[in-house]
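Engineer:
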Amino acid sequence: MIYADNAATTKLSQTALNAMLPYLTEGYGNPSSLHSVGQAAAEALQSAREDVAACLNASPREILFTSGGSEADNQAILSAARIGERKGKKHIISTAFEHHAVLHTLQKLQKQGFEVELLPVGSVGTVIAEQVRAAIREDTCLVTVMFANNEIGSILPIAEIGAVCREKGVLFHTDAVQAAGHLPIDVQAQNIDMLSLSAHKFHGPKGVGALYVKTGIPVTPLIEGGAQERGKRAGTENVPAIVGMAAALKEAVANLGETAKKMTALRDQLIAGLAKIPHSALNGDPVNRLPGNVNFCFEGIEGESLLLLLDAKGICASSGSACTSGSLDPSHVLLAIGRPHEVAHGSLRLSLCEANTQEEIDYILTETPKIVERLRSLSPVWHDLMNGKRQFIL
Amino acid sequence: MALYTETVMDHFMNPRNVGEMENPDGVGEVGNAKCGDIMKMYLKIENNVITDVKFETFGCGSAIASSSVATEMIKGKTVEEALAVTNKQVVEALGGLPAHKLHCSVLAEESIKSAVKDYYDKNGIEYDHSLFPDCESCEACRMV
Ligand SMILES: Cc1ncc(COP(=O)(O)O)c(C=O)c1O
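Heads up: the sequence lines are chains G and W, in that order.
Following the working numbering, the numbering of the first sequence begins with -6 at its first residue and continues without gaps.
Following the working numbering, the numbering of the second sequence begins with 25 at its first residue and continues without gaps.
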């Protein structure tokens, strides 16, 4: 089996598992307890907080543990909105291709009277700092722009966007769920006020993440209750998961340069190989691109059937087709970069990790063209394209 | 993937009666590429009996399986028997479909009807037009 869906989730690393095991067994204390068992858990929590902070060049007090990327995104955006509201600022800037954890939170705020402006991302799938500058108004309370896109892999100019926000005095949040552990992050150098990350995207456990909030920015709790996380997130901490996240992040960051180099080489082979399939197109920024992301549209076929046939060949991938999302529309990300519906349905995302091998890439490159060809042979759309009844888009 | 039954996977992996047909007596095409599903059904009809069927489908696994099973259900049947095939029977023949994929079975039913309608039109055979709703009013694509 070849796992090429690491943007969806990753395998827990041995390092993370080893770090977690003691807290799933003997170290079961509640960090809020005064006794020694509880205090051992509290120390583990503190040490995890220091490790996560160090990976971001933040201070430990600026790290808030959450249940994952979605919660971190929700909390960052809602907190910024509450701050803005108090000052009568109700304008928020974001992009058209954010994750739903961001977009749906913004929609909720829209219903509460906020004005949300989604910047277009162009055909490459990125925004530039000047777009953000031009959109900022007197009443802008937040700019939230993702660090890297989960579907098409574009890496955005976060440091530049952050600099514009600093200059204009506007809060800046970035959803770095696809970036953390994969790209260098330095919240100070990159002018980031708030940042979301999620452990299961860098070989940590699922259901745990973190929100970095720069000192001095008041955070609104989403969950009320005890005084955990200094009153910003109630509920007994998931100690094993948090410890596993810290171990996974530390490991990923330590090996980041080396891993990125290896993955980029494999990624570029995949891109070059798949580009040979006629009437196909790469989605996302070809240059500023996540080391593991490959995303193509193949004209004349539909993505779900492509995934099923790949799965039958032992290749796990994903697609932005409507059929895979359970909705009528294909991925909003592909639509945002201007892919028409009929082409967006035929998309394939392969996302690699450091465990993928040269043999696996070779195998994917032998099987995928055959599968695309097979589906095209069944496709009335393809036949119409071939006999000129329909115009090729790609 | 356990999303689909074994029968669905069998029809998807080994589709029956797939391809284009030379000089069909009736052709029907339903759905649209925008929604992500198009089914095309070709019929060969002799003495009111469907002697051969072929299909082509652009769509997900359940769309391909639905059209494949539908061709098996109408091959050798009279035109009237083919018209009586419902999407429910298609679903049953597949051993079930996930709720959000039921529209694929509707498209299979519609593609048969559309091909028969084309046969009627080409041969000047009278029929009740209300039995053949057009694609726009069918709403099957909206069934998600
Ligand atoms: C960019 C992005 N943001 C947010 C999330 C949500 O993270 P989680 O699954 O941890 O809630 C994901 C993962 O699916 C993601 O890729």
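From the three backbone atoms N, C-alpha and C, an ideal C-beta is built for every residue, glycine too.
Source: prediction; values computed, not measured.
#1: Compute the minimum distance between the beta carbon of residue 115 of chain W and the heavy atoms of ligand 1, and state whether it is under 7 Å.
#2: Residues of chain W with CB under 7 Å from residue 297 of chain G, in chain order?
#3: Put residue 356 of chain G into one of helix, strand or coil per three-state DSSP.
#4: Within 8 Å of any Cβ in chain W, is that where the Cβ of residue 305 of chain G sits?
#5: Please list, in chain order, the residues of the region 62 to 92 of chain W that have any C-beta partner in chain G closer than 7 Å.
#6: Any Cβ of chain G within less than 8 Å of the Cβ of residue 39 of chain W?
#7: Is residue 32 of chain W near residue 86 of chain W, with beta carbons less than 8 Å apart?
#8: Could you name the residues of chain W that residue 316 of chain G contacts, counting a contact when the two beta carbons are closer than 7 Å?
#9: May I ask you to list, following chain order, the residues of the region 353 to 368 of chain G that have a beta carbon less than 9 Å from some beta carbon of chain W?
#10: How far does the beta strand (DSSP E) with residue 134 of chain G in it extend, from its first residue to its last?
#11: Taking the beta carbon of residue 385 of chain G as the centre, do at least 16 other beta carbons fall within 10 Å, making it buried, or is it exposed?
#12: Does DSSP put residue 256 of chain G in a helix, in a strand, or in coil?
#13: Have a look at the DSSP bridge pairing and note the partners of residue 216 of chain G.
#14: Would you kindly report the start and end of the unbroken beta strand (DSSP E) that includes residue 62 of chain W?
#15: Label residue 155 of chain W either buried or exposed according to how many other C-beta atoms from any shown protein chain fall within 10 Å of its C-beta, with 16 as the threshold for buried.
#16: For residue 213 of chain G, count neighbouring C-beta atoms within 10 Å of its own C-beta (all shown protein chains included) and say buried if the count is 16 or more, exposed if not.
#17: State the DSSP-derived secondary structure class of residue 281 of chain G, mapped to helix, strand or coil.
#18: Closer than 8 Å is the cut-off here; do at least three beta carbon pairs connect the region 193 to 203 of chain G with the region 51 to 65 of chain G?
#19: In chain order, what residues of the region 333 to 348 of chain G put their CB closer than 7 Å to some CB of chain W?
#20: Hey, would you say residue 68 of chain W sits closer than 8 Å to residue 49 of chain W, going by beta carbons?
#21: Quick check on DSSP: helix, strand or coil for residue 156 of chain W?
#22: Looking at residue 288 of chain G: is its Cβ nearer than 8 Å to the Cβ of residue 144 of chain G?
#23: Quick one: measure Cβ to Cβ for residue 302 of chain G and residue 367 of chain G, integer angstroms, because I've assumed they're closer than 8 Å.
#24: How would you label residue 280 of chain G, buried or exposed, when you count the other beta carbons within 10 angstroms and need 16 or more for buried?
#25: Confirm, please, whether the CB-CB distance from residue 345 of chain G to residue 250 of chain G is below 8 Å.
#26: Are three or more beta carbon pairs between the region 79 to 89 of chain G and the region 105 to 114 of chain G nearer than 8 Å?
#27: Inspect the CB distances between the region 13 to 32 of chain G and the region 299 to 313 of chain G and report whether three or more fall short of 8 Å.
#28: Tell me, which residues are paired with residue 56 of chain W by DSSP?
#29: Can the beta-carbon of residue 364 of chain G be found less than 8 Å from the beta-carbon of residue 275 of chain G?
#30: Does the beta carbon of residue 143 of chain G fall short of 7 Å from some heavy atom of ligand 1?
#31: Closest by CA to residue 53 of chain W, which one among W:82, W:35, W:144, W:47?
#32: Buried or exposed for residue 108 of chain W, going by 16 or more other Cβ atoms inside 10 Å?
#33: On the CB-based measure, 16 or more other CB atoms within 10 Å of its CB, does residue 211 of chain G come out buried or exposed?
#34: Would you say residue 376 of chain G lies against chain W (beta-carbon separation less than 8 Å)?
Structural biologist: On the basis of the data shown:
#1: no
#2: 84, 85
#3: helix
#4: yes
#5: 62, 64, 80, 81, 82, 83, 84, 85, 88
#6: yes
#7: yes
#8: 60, 84
#9: 368
#10: 133 to 137
#11: exposed
#12: helix
#13: Answer is none; residue 216 of chain G lacks a bridge partner.
#14: 61 to 70
#15: exposed
#16: exposed
#17: coil
#18: yes
#19: 334, 335, 338
#20: yes
#21: coil
#22: yes
#23: 7 Å
#24: exposed
#25: no
#26: yes
#27: no
#28: W:61
#29: no
#30: yes
#31: W:82
#32: exposed
#33: exposed
#34: yes
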